[in-house]
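Trainee: Before I ask anything, here is the structure I am working with.
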């Protein structure tokens, strides 16, 4: 299945830092989309939320920030105007599906009724992915610190995770 740049996706489909052309050639986006579909990680769809649409502006922002992290692999947020999930993994084999799976797996720690995470656990990556008002996504991936790690970032617009508000 071929997915065009403007087609909706059920979950964030992070793209590598290389050019979009290389992204298409490698078929990474297609494989990640298929992986989500086959493994039931369609969190937004399961909640009857609109799918996220890939956005070139958000992707450019993510690429800009990922390039800043290329030399230090620092797991620090950009503090920009968008919602944001970041991921770091040791070594250079981490792929977009790994980051998305880590973020979506936080669902098990989120309690909708109390609108909180289990004690000592994180769930904000998951709630950003399923934030009802979020419509657009753009992501990037860099191998950083001379191959010692991978830094991935996804930005979301409109942002979510407002204190006191439920995501859906």
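In UniProt numbering, the protein residues as written are 1 to 168.
Every residue, glycine too, gets a C-beta built ideally from N, C-alpha and C.
The model shown is predicted, which means the values in this text are computed figures rather than measured ones.
Work out the CA separation of residue 151 and residue 108 for me, nearest whole Å.
Mentor: Whole-angstrom Cα-Cα distance: 24 Å.
Trainee: Could you tell me which residues DSSP puts in a beta bridge with residue 140?
Mentor: According to DSSP, residue 140 bridges with 153.
Trainee: Which residue from 147, 164 and 168 puts its Cα closest to that of residue 91?
Mentor: Out of 147, 164 and 168, 147 has the C-alpha closest to the C-alpha of residue 91.
Trainee: Taking the straight line between their C-alpha atoms, what separation do you get for residue 167 and residue 67?
Mentor: The alpha-carbon atoms of residue 167 and residue 67 are separated by roughly 30 Å.
Trainee: Excluding the 5 residues preceding and the 5 following residue 164 in the sequence, name in chain order all residues of the same chain whose CB lies nearer than 7 Å to its CB.
Mentor: Here the set comprises nothing.
Trainee: With residue 144 and residue 69 assumed to form a contact (beta carbons below 8 Å), what rounded beta-carbon distance in angstroms separates them?
Mentor: Sure, about 6 Å apart at Cβ, within 8 Å.
Trainee: Only counting the same chain, and skipping five residues up and downstream in sequence, which positions put a Cβ closer than 8 Å to that of residue 102?
Mentor: Taken in chain order, the residues that qualify are 87 and 125.
Trainee: Within this structure, are the beta carbons of residue 58 and residue 155 separated by less than 8 Å?
Mentor: It is a contact, given that the beta carbons lie within the stated cut-off.
Trainee: DSSP on residue 104, reduced to helix/strand/coil?
Mentor: Helix at residue 104.
Trainee: By the 10 Å Cβ neighbour count, where 16 or more other Cβ atoms means buried, how is residue 50 classified, buried or exposed?
Mentor: Exposed.
Trainee: Is residue 76 buried or exposed, if buried means 16 or more other CB atoms sit within 10 Å of its CB?
Mentor: That one is exposed.
Trainee: Using only CA atoms, which one of 81, 65, 111 and 82 lies nearest to residue 74?
Mentor: Checked all of 81, 65, 111 and 82; the closest Cα to residue 74 is 65.
Trainee: Taking the straight line between their C-alpha atoms, what separation do you get for residue 116 and residue 110?
Mentor: About 6 Å.
Trainee: What is the rounded straight-line gap between the Cα of residue 135 and the Cα of residue 158?
Mentor: C-alpha separation (whole angstroms): 7 Å.
Trainee: Since residue 129 contacts residue 43 with CB under 8 Å, what's their CB separation in whole angstroms?
Mentor: Rounded, the Cβ-Cβ distance is 6 Å, consistent with contact.
Trainee: For residue 93, count the other beta carbons within 10 Å of its own beta carbon; 16 or more makes it buried, fewer makes it exposed. Which is it?
Mentor: The residue is exposed, with fewer than 16 neighbouring Cβ atoms inside 10 Å.
Trainee: So, under 8 Å CB-CB, residue 82 and residue 112 are touching, yes? Tell me the CB distance rounded to an integer number of Å.
Mentor: About 24 Å separates the two Cβ atoms, so there is no contact after all.
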